[in-house]
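J.:
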Amino acid sequence: MTDILRAAFDSLRAAVIEYRWAGFAGVTALISILLFAKAHKAASLNARRLTVPEYKGSAFHIPHGLDRWDALAAFVITAAYAEVAFLGLGQTHGPESFTVFENTGDSAVIELEDRQDITRMWYFCGVRSGSYNLEVSSDGIVWTDSGEIKQEYADVLKWKEAELEILSDVKYVRLTALSTKMYLGEVTLFGADGALVKISGRGPGAFLTDEQSEVPESFTFKNSAYFDEIYHVRTAYEHMENLWPYEITHPPLGKIIIALGIAIFGLNPFGWRFMGVFFGVLMLPIMYVFIKRLFGRRSIACCGTIIFAFDFMHFVQTRLATIDTYAVFFILLMFYFMYIYFTQPLDTPAGKTTLPLFLSGLFFGLGAASKWTVIYGGAGLALIWLIRQIMRALWYRKTSERGFAAYLIKTVFLSLVFFIALPAAIYVSAYIPYALAKEAGIYSKEFFRIVLDNQIYMYDYHSDLVSAHPYSSVWWQWILDARPILYYLENFDDGTKSAFGAFGNPLFWWTGILAIIACVWSAVKRKNAIALFILIGFLSQLLPWVFVTRLTFAYHYFPSTVFLALAVSLMFYEIEKAWGRAGRLAAIGFTAAALVMFALFYPVLTGLRASTAYTNGWLRWFNGSYPF
């Protein structure tokens, strides 16, 4: 029975990989429909305008409903983006078996089919770092020391070429671990003619030669880890193997999510990047619903969602197997449900406010368990919650209704449960892989000590991170889109290059910050509660970085882009309200221009090989700052 289930799972996995585009479109359609059905039901129950004395004449209103045309629009945008985002993501296969050298001195032997000279040696580095002693022999009895093969921390889950001299008359190759707990994947040898040598492994060395078909023609990001993937993917794999994790500078949930993609699609670039793209795609129907509930205009929801979807930061960062995507995804959801809570009629009984509060707290907890930056957004949620209570108090005072004290007590109690107790439970539970690695009892005294010690370590690490990096940047450079972080660069002899990095669509980011400034004016002068909501969200994610002195990068601005998209959508709403059809056409034209910018920069967003003349001449907008 087990074999049947395993065969069925393997067949399903192969089908998903082979037909992932169509399959994913179906998944997104289903998710979109469910979201819309839920949102439409909620909107129908609350379909009346809210009058708030402090915000007379504002654009603030109860969320608008959604219909089948909204579902179709969101589906088309989501499916189209999915097609682009998954294209060229990485190989769907690669070495997955490893020889484990438990102790120093453990060795593995590789046998060549024929005695011959060896000119090159490639190997796929597994988790853990250290080195091996390389020996060769023509008879298996007399061995010649041929140097040291290194597997450094930056080489994890990468193909690497050994630095060695030509090895003559070789029949056997022996690798001996000089460090403990070493994982080594596939090894391949090249003969004097440059062709692959037929080899087989003895004993522990069997796993070094069992996937020769996975040897690539060259080393690229499509078959190897890059940037912080060497930390996060490594840790995801270690969680799967009940190993103590290497990367402990962030909470575990993001790496657990990455591990889920690996469990489904295997330990390959597509597998470890899948969940990031999947979550990036799922942001889009949520963003569409959010914007439509804010402004009630299908055209604005389409434009705002498209601009956010094809923003360079969103596109590149979600295609990288790091944890930032999950943080942003949960930030989007926790503010979305807080908005639903915020816009409920002021006479809504406390009991009927439970669901949006619960969901906002739930996603806050999931986000905090992925990355600490989500906690910054928690301050924004708290401020919005407080404003809501003030609004409720003023409503009670104006209407002479009684029962505010009872309402407030119940609301405070529910909020403490949903935003403190629930997130704390989620956060602590995310550390179960740590307990399994240490063979500690789950929720035991030792388990809680592991959790506490990690919090201290993370705080010390992030507060003291002052090392230099060539592509670091600070908050004001993020706003100006002036300093991308380069993730990958390979120059070729024919005058072309493959490169990509994280930065923003200049048209979107520059307009977005102007829209944020407009939100300040609108919130203060016009008492516009939507502008205030967007502003609180934006500042809660950006302001903490103004005071942070540690090393920072452009991707730390990624959460703020959620609110940039909402601010630009508010700008579209105001323009359309003032100009009518001309305003709508202006929004559509702006969106089209943003897509043109995406196409213009596409090579340096995907690593597509392009001429250096093009990248240096057309894409280096800030000379000396744009590294493309």
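Residues 465 to 1092 in this note's numbering are what the sequence shown lists, from first letter to last.
Each residue gets a CB set at the ideal place from its N, CA and C atoms; glycine is no exception.
Tell me the residue span of the alpha helix (DSSP H) that contains arginine 1048.
T.: Translated into positions along the sequence shown, residue 1048 becomes position 584. First-last of the alpha helix (DSSP H) with arginine 1048: 1045 to 1065.
J.: Verify whether the separation of the beta carbon atoms of leucine 796 and methionine 739 is less than 8 Å.
T.: On the sequence shown, residue 796 is found 332 positions in, with the first residue counted as 1. On the sequence shown, residue 739 is found 275 positions in, with the first residue counted as 1. Cβ distance not < 8 Å, so leucine 796 and methionine 739 don't count as in contact.
J.: Alpha carbon to alpha carbon, how far is alanine 857 from glycine 730? Give it in angstroms, no decimals.
T.: Here residue 730 corresponds to residue number 266 of the sequence shown, with the count starting at 1. Here residue 857 corresponds to residue number 393 of the sequence shown, with the count starting at 1. Glycine 730 and alanine 857: Cα-Cα distance of roughly 55 Å.
J.: My output table needs one value for aspartate 692: the three-state DSSP class, helix, strand or coil.
T.: Here residue 692 refers to the residue found at position 228 of the sequence shown. Note: aspartate 692 maps to coil in three-state DSSP.
J.: Near isoleucine 726, which residues of its chain fall below 7 Å by C-beta distance, leaving aside the five closest residues on each side in sequence?
T.: Reading the sequence shown from its first residue, position 262 is the one you call residue 726. Result list for isoleucine 726: Ala700, Tyr701, Met704, Gly735, Trp736, in chain order.
J.: For valine 591, which option in Ala544, Ser571, Glu711, Ile981 has the closest C-alpha, if you only look at C-alpha atoms?
T.: Position 127 of the sequence shown, counted from the start, is the residue given in the question as residue 591. Nearest of Ala544, Ser571, Glu711, Ile981 to valine 591, Cα basis: Glu711.
J.: Excluding the 5 residues preceding and the 5 following tyrosine 840 in the sequence, name in chain order all residues of the same chain whose CB lies nearer than 6 Å to its CB.
T.: Residue 840 sits at position 376 when you count from the first residue of the sequence shown. Around tyrosine 840: Ser1004, Gln1005, Pro1008.
J.: Can you list, in chain order, the stretches of the alpha helix (DSSP H) that have 4 or more residues and sit fully within the segment 782 to 850?
T.: DSSP runs (the alpha helix (DSSP H)) wholly in the segment 782 to 850: 788 to 806, 818 to 832.
J.: How big is the Cα-Cα spacing for alanine 723 and glutamine 919?
T.: Counting from one through the sequence shown, the residue named residue 723 turns up at place 259. Counting from one through the sequence shown, the residue named residue 919 turns up at place 455. Those two C-alpha atoms are separated by around 22 Å.
J.: If you compare alpha carbons, which of Thr786, Tyr1037, Ser1075, Leu953 is closest to glycine 959?
T.: Counted from its first residue, the sequence shown places residue 959 at position 495. Nearest C-alpha to glycine 959: Ser1075.
J.: Would you kindly report the start and end of the unbroken beta strand (DSSP E) that includes phenylalanine 964?
T.: To locate residue 964, count along the sequence shown from 1; it is residue 500. Here the beta strand (DSSP E) through phenylalanine 964 covers 960 to 966.
J.: Could you check if aspartate 945 is buried or exposed, using at least 16 other CB atoms within 10 Å of its CB as the buried criterion?
T.: Working through the sequence shown from its first residue, we reach residue 945 at position 481. The residue is buried, with at least 16 neighbouring Cβ atoms inside 10 Å.
J.: Just confirm the distance between the C-beta atoms of alanine 966 and tyrosine 952, as a whole number of angstroms; I'd bet it's less than 8 Å.
T.: Here residue 966 is taken as the residue at index 502 of the sequence shown, counted from 1. Here residue 952 is taken as the residue at index 488 of the sequence shown, counted from 1. Not confirmed; about 11 Å, so no contact.
J.: Is the CB-CB distance between arginine 1048 and serine 763 below 8 Å?
T.: Locating residue 1048 in the sequence shown gives position 584, where the first residue counts as 1. Locating residue 763 in the sequence shown gives position 299, where the first residue counts as 1. Yes, the pair counts as a contact, with Cβ atoms nearer than the cut-off.
J.: Would you report the Cα separation of proline 709 and isoleucine 848, rounded to the nearest angstrom?
T.: Reading the sequence shown from its first residue, position 245 is the one you call residue 709. Reading the sequence shown from its first residue, position 384 is the one you call residue 848. Computed Cα separation, rounded: 37 Å.
J.: Going by other Cβ atoms of all chains shown within 10 Å of its Cβ, with 16 needed for buried, is alanine 1077 buried or exposed?
T.: Here residue 1077 is taken as the residue at index 613 of the sequence shown, counted from 1. Looking at its Cβ environment, which holds fewer than 16 other Cβ atoms inside 10 Å, alanine 1077 is exposed.
J.: Mapping the DSSP letters down to three states, classify leucine 628 as helix, strand or coil.
T.: For the purposes of this step, residue 628 is taken as the residue at position 164 of the sequence shown. Leucine 628: coil per DSSP, three-state reduction.
J.: Name the two residues that bound the continuous alpha helix (DSSP H) containing isoleucine 873.
T.: Here the question's residue 873 lines up with position 409 in the sequence shown. Segment 868 to 880, the alpha helix (DSSP H) holding isoleucine 873.
J.: Determine, using beta carbons only, whether isoleucine 574 and glycine 669 come nearer to each other than 8 Å.
T.: Translated into the one-based positions of the sequence shown, residue 574 becomes position 110. Translated into the one-based positions of the sequence shown, residue 669 becomes position 205. Yes, they are a contact pair.
J.: Specify the secondary structure class of phenylalanine 588 as computed by DSSP and reduced to three states.
T.: By 1-based counting over the sequence shown, the position of residue 588 is 124. If DSSP states are grouped into helix, strand and coil, phenylalanine 588 belongs with the strands.
J.: One question on the structure: do methionine 1061 and leucine 971 come within less than 8 Å of each other, judged by their Cβ atoms?
T.: The residue given as residue 1061 occupies position 597 in the sequence shown. The residue given as residue 971 occupies position 507 in the sequence shown. Cβ distance < 8 Å, so methionine 1061 and leucine 971 count as in contact.
J.: By alpha-carbon positions, which one of Glu865, Tyr871, Ala773, Gly844 ends up nearest to threonine 818?
T.: Sequence index remark: in the sequence shown, residue 818 carries index 354 (1-based). Among Glu865, Tyr871, Ala773, Gly844, the Cα nearest to that of threonine 818 belongs to Tyr871.
J.: Roughly how many whole angstroms lie between the Cα atoms of proline 1067 and glycine 552?
T.: Start at 1 with the first residue of the sequence shown, and residue 1067 comes out as number 603. Start at 1 with the first residue of the sequence shown, and residue 552 comes out as number 88. So the alpha carbons of these two residues sit roughly 12 Å apart.
J.: Should phenylalanine 685 and threonine 583 be called a contact, given that it needs their Cβ atoms to be closer than 8 Å?
T.: Locating residue 685 in the sequence shown gives position 221, counting from the first residue. Locating residue 583 in the sequence shown gives position 119, counting from the first residue. Against a cut-off of 8 Å, the Cβ pair of threonine 583 and phenylalanine 685 comes out as no contact.
J.: Any idea if lysine 756 is buried or exposed, counting beta-carbon neighbours within 10 angstroms, 16 or more meaning buried?
T.: Residue 756 sits at position 292 when you count from the first residue of the sequence shown. When all chains shown are included, lysine 756 counts as buried.
J.: Note down, one range per segment and in chain order, each beta strand (DSSP E) of at least 3 residues found wholly within the segment 910 to 979.
T.: As far as the segment 910 to 979 is concerned, its whole beta strand (DSSP E) runs of at least 3 residues are 949 to 955, 960 to 966.
J.: Out of Ala833, Ile906, Glu560, point me to the one whose CA is closest to phenylalanine 883's CA.
T.: Translated into positions along the sequence shown, residue 883 becomes position 419. Here the closest residue by C-alpha is Ala833.
J.: Quick check on DSSP: helix, strand or coil for leucine 553?
T.: Residue numbering aside, residue 553 sits at position 89 when the sequence shown is read from its first letter. Looking at leucine 553 - three-state DSSP - the assignment turns out to be coil, as it is neither helix nor strand.
J.: Consult DSSP for tyrosine 898 and reduce its assignment to one of helix, strand or coil.
T.: By 1-based counting over the sequence shown, the position of residue 898 is 434. Note: tyrosine 898 maps to helix in three-state DSSP.
J.: Rounding to the nearest angstrom, what Cα-Cα distance links alanine 1058 and leucine 1069 in this structure?
T.: Along the sequence shown, read from residue 1 onward, the residue named residue 1058 stands at position 594. Along the sequence shown, read from residue 1 onward, the residue named residue 1069 stands at position 605. Answer to the nearest angstrom: the Cα atoms are 14 Å apart.
J.: Which residue or residues does DSSP assign as beta-bridge partners of tyrosine 1019?
T.: The residue you call residue 1019 lines up with position 555 of the sequence shown. Note: tyrosine 1019 sits in no beta bridge, so no partner.
J.: Measure the alpha-carbon distance for leucine 621 versus glutamate 693 and round it to whole angstroms.
T.: Working through the sequence shown from its first residue, we reach residue 621 at position 157. Working through the sequence shown from its first residue, we reach residue 693 at position 229. Taking the straight line joining both Cα atoms gives about 9 Å.
J.: Go through its chain and collect everything with a Cβ distance to tyrosine 921's Cβ below 7 Å, but skip five positions before and after it.
T.: Position 457 of the sequence shown, counted from the first residue, corresponds to residue 921. Around tyrosine 921: Ile712.
J.: In the DSSP assignment, the alpha helix (DSSP H) including isoleucine 726 goes from what residue to what residue?
T.: Along the sequence shown, one-based indexing puts residue 726 at 262. Per DSSP, isoleucine 726 belongs to the alpha helix (DSSP H) from 717 to 729.
J.: Following the continuous beta strand (DSSP E) through isoleucine 890, name the residue where it begins and the one where it ends.
T.: On the sequence shown, residue 890 is found 426 positions in, with the first residue counted as 1. No beta strand (DSSP E) contains isoleucine 890, which is instead part of the alpha helix (DSSP H) from 886 to 893.
J.: Less than 8 Å separating the beta-carbons of phenylalanine 822 and valine 838?
T.: The count along the sequence shown starts at 1 and reaches residue 822 at position 358. The count along the sequence shown starts at 1 and reaches residue 838 at position 374. Not closer than 8 Å, so no.
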